[in-house]
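Residue 1 is where the sequence shown starts when you use the working numbering, and the numbers rise one by one after that. Heads up, the beta-carbon is just placed ideally off N, CA and C, and yes, glycines get one too. Here's the structure, in structure tokens; my notes come after.
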Amino acid sequence: VLIYVNSVLQQSGLSSKDKLPGGDITIAEALMAPTVIYVKQVLDLVSKGGVKGIAHITGGGFTENIPRVLPEGLGAFIYKDSWEVPIVFKWLQEVIHVSITNF
Numbered sequence: 001v002l003i004y005v006n007s008v009l010q011q012s013g014l015s016s017k018d019k020l021p022g023g024d025i026t027i028a029e030a031l032m033a034p035t036v037i038y039v040k041q042v043l044d045l046v047s048k049g050g051v052k053g054i055a056h057i058t059g060g061g062f063t064e065n066i067p068r069v070l071p072e073g074l075g076a077f078i079y080k081d082s083w084e085v086p087i088v089f090k091w092l093q094e095v096i097h098v099s100i101t102n103f
């Protein structure tokens, strides 16, 4: 994501100190927000049984990470509207016209 930031700031004419369009914090604050950690929720699901695999989605996104936990011949359905995309990513996508899947 950071490789896009300078380009986005230049293209948008904004500075990291400006308010994030559509948000109530600065662009810098949005970009530096800590990652949400889901350990408690995941451990709760695992303790109930039935979980056969878990993928930590980082570099490579869904297309590279999810197949690592699936047996050969098995696929996955991804419902991209089942979670909210943080406003900072929507803004980045809008300014540089890139698919959200690239994040």
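Short Cβ contact (8 angstroms threshold) for residue i with residue j
i, j, result
"residue 96", "residue 16", "no"
"residue 46", "residue 55", "no"
"residue 22", "residue 87", "yes"
"residue 20", "residue 91", "yes"
Between the CA atoms of residue j and residue i - distance to the nearest angstrom
i, j, result
"residue 99", "residue 29", "23 angstroms"
"residue 73", "residue 5", "38 angstroms"
"residue 89", "residue 77", "22 angstroms"
"residue 48", "residue 94", "40 angstroms"
"residue 10", "residue 66", "34 angstroms"
"residue 27", "residue 33", "10 angstroms"
"residue 31", "residue 75", "33 angstroms"
"residue 35", "residue 52", "25 angstroms"
"residue 62", "residue 81", "14 angstroms"
"residue 44", "residue 50", "11 angstroms"
"residue 42", "residue 79", "19 angstroms"
"residue 58", "residue 64", "9 angstroms"
"residue 24", "residue 85", "16 angstroms"
"residue 60", "residue 71", "19 angstroms"
"residue 40", "residue 18", "34 angstroms"
Counterpart residues of residue i in DSSP-defined beta bridges
i, result
"residue 63", "The partner list for residue 63 (beta bridge, DSSP) is empty, contrary to what the question assumes."
"residue 80", "Paired residue(s): none; residue 80 is not in a bridge."
query: Taking the runs of the alpha helix (DSSP H) that are 4 residues or longer, which of them lie wholly in the region 28-60?
result: You should have 39-47.
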